[in-house]
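K.L.:
Per the numbering used here, residue 9 is the first one in the sequence shown, and the count goes up by one each step.
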Amino acid sequence: MDIKFYAPRWGSENIPWPEFAAKAVADGYDGVEVFPLQSLHEQDALLHALEDNNLELALLHSEQTEGKDFGRYKAALKKNLDILATYQTAKLKPQFINSHTGREYYTREQMAECFIICDNFSQKTGIKVIHETHRNKWAYAAHVVKGYLQDFKDVRLALDLSHWVCVSESYLEDQDEAVELALQHADHLHVRVGHPEGPQVTDPRAQENATALNHHLQWWDRWIAHQIKKGRNVCTITPEFGPYPYMSYQCFTNEPIANQWAINVFMKDLLKNRYQKP
């Protein structure tokens, strides 16, 4: 099985697209994962940079402004997905859209409407929409997602377990059934390491964070085993340690305590060596 690793644009927004794409290739990434851009000019620059560097594209969707009014949220969801469908050329098409869908206070019936919108979009465009497990969204906690996946069996996930660890203030030791169901529904991984008091450890290379890292590695091992069992030829992973405020600053400075890009490259290399040994 081939594993493709995507570089997160999050935290590197100030780097011009040609430079960012070249840096991603130099550090061994196969693609990039990005939020929608502010202008058609920047969108064009992104697509050209990816084509020039033979990189794949995954898109992120999040609607933060219309959550309170569900009718306006649905309209924004449809509009935003249609905009993301324009992120393609004759040579390049998004591999999937990772959607931060809904809000944690939406009802089951409201989320069903959101899922239908995403499914209709996928049928119309051929671009798969998967739903990230994320705080303040419908998928904010293991026990909540378990119930949804039992009722909505076609929902597919971008699984980021660091959020659930933070929400539960545990390593989910007593929620393994929920974790297992999520692993079976996950088509993409975000590999950030959380801990019971936050969604991101200071640095996964540090010995004091070994326990947190090992918990996540065991979950990711199980996900890889599921992909192999299903016969998938290719699967995708985004190392997604984030910038401030996920990455703490040195007190009274604007200096991060560790290098975000270097940590994500470390995570990529760690998993590449773990799962793609010659």
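For each residue, glycine too, the CB sits at the ideal point set by N, CA and C.
Only a predicted model underlies this, so the values are computations on that prediction, with no experimental measurement involved.
Go to Cys259, then tell me how far its beta strand (DSSP E) extends in each direction, as first and last residue.
P.N.:
Here Cys259 belongs to no beta strand (DSSP E), and DSSP marks it neither H nor E.
K.L.:
Could you please give me the residues that DSSP links to Lys12 through a beta bridge?
P.N.:
Bridge partners of Lys12: Thr244.
K.L.:
Among Arg17, Leu85 and His142, which has the Cα closest to the Cα of Lys31?
P.N.:
Residue Arg17 is the option with its Cα nearest to Lys31.
K.L.:
Go ahead and pull the three-state DSSP assignment for Asp229.
P.N.:
Of the three classes helix, strand and coil, the one that applies to Asp229 here is helix, per DSSP.
K.L.:
Near Gln235, which residues of its chain fall below 7 Å by C-beta distance, leaving aside the five closest residues on each side in sequence?
P.N.:
Counting only Cβ-Cβ distances below 7 Å, and skipping sequence neighbours, we find Met9 and Cys243.
K.L.:
Compute the Euclidean distance between the alpha carbons of Ala220 and Ala34, then round it to the nearest angstrom.
P.N.:
Roughly 29 Å separates the two Cα atoms.
K.L.:
Using DSSP with H/G/I as helix, E/B as strand and the rest coil, what is Leu67?
P.N.:
Strand, per DSSP.
K.L.:
Report the residue from Pro207, Cys174, His224 and Lys237 whose alpha carbon sits nearest the alpha carbon of His279.
P.N.:
The displayed chain sequence assigns Leu, not His, to residue 279. Ranking Pro207, Cys174, His224 and Lys237 by Cα distance to Leu279 puts His224 first.
K.L.:
Taking only three categories from DSSP, how would you classify Asp195?
P.N.:
In the structure shown, Asp195 sits in a strand (DSSP, three-state: E or B).
K.L.:
Return the chain-ordered list of same chain residues with a C-beta closer than 8 Å to the C-beta of Pro24, the five sequence neighbours on each side being excluded.
P.N.:
Here the set comprises Ala53.
K.L.:
State the DSSP-derived secondary structure class of Ile23, mapped to helix, strand or coil.
P.N.:
Of the three classes helix, strand and coil, the one that applies to Ile23 here is coil, per DSSP.
K.L.:
Could you spell out the range, first to last residue, of the alpha helix (DSSP H) harbouring Gly134?
P.N.:
No alpha helix (DSSP H) contains Gly134, which DSSP labels as neither H nor E.
K.L.:
Drop a sphere of 10 angstroms on the beta-carbon of Gly202, count the other beta-carbons inside from all chains shown, and report buried for 16 or more, exposed for fewer.
P.N.:
Gly202 is buried by the Cβ-count criterion.
K.L.:
Of the residues Leu197, Glu112, Phe260 and Val209, which one's Cα is nearest the Cα of Lys276?
P.N.:
Per the Cα distances, Leu197.
K.L.:
Please confirm if the stretch 184-192 is in contact with the stretch 207-218, defined as three or more CB-CB distances below 8 Å between the two stretches.
P.N.:
The stretch 184-192 vs the stretch 207-218: no contact.
K.L.:
If you compare alpha carbons, which of Val137, Asp182, Asn241 and Ser130 is closest to Gln284?
P.N.:
When each option's Cα is compared against that of Gln284, the closest is Asn241.
K.L.:
For Val5, does the three-state DSSP call read helix, strand or coil?
P.N.:
The requested residue 5 does not occur in the structure, where the chain is confined to residues 9 to 286.
K.L.:
Name the DSSP bridge partner or partners of Glu41?
P.N.:
DSSP, once it has assigned bridges, lists Pro16 and Ala66 as partnering Glu41.
K.L.:
Compare the beta carbon distance of Gly19 and Gln268 with 9 Å and say whether it is the shorter of the two.
P.N.:
For Gly19 and Gln268, yes; Cβs fall inside 9 Å.
K.L.:
Answer yes or no: do Phe104 and Asp195 have a C-beta to C-beta separation smaller than 9 Å?
P.N.:
Contact flag set, yes.
K.L.:
Whole angstroms are fine: how far does the CA of Ala147 sit from the CA of Lys82?
P.N.:
Computed Cα separation, rounded: 17 Å.
K.L.:
In this structure, does DSSP put Glu185 in helix, strand or coil?
P.N.:
Helix at Glu185.
K.L.:
How many Å lie between Glu185 and Tyr14 at the Cα?
P.N.:
Roughly 29 Å separates the two Cα atoms.
K.L.:
Considering Cα atoms alone, identify which of Gln46, Thr73 and His56 is closest to Glu27.
P.N.:
The option with the nearest alpha carbon to Glu27 is His56.
K.L.:
Excluding sequence positions up to five away, which residues of its chain have a Cβ less than 8 Å from the Cβ of Thr141?
P.N.:
Ala147, Tyr148, Val153, Leu165, Ala166, Leu167, Asp168, Leu169, His171, Trp172 and Ala190.
K.L.:
DSSP on Glu117, reduced to helix/strand/coil?
P.N.:
Helix.
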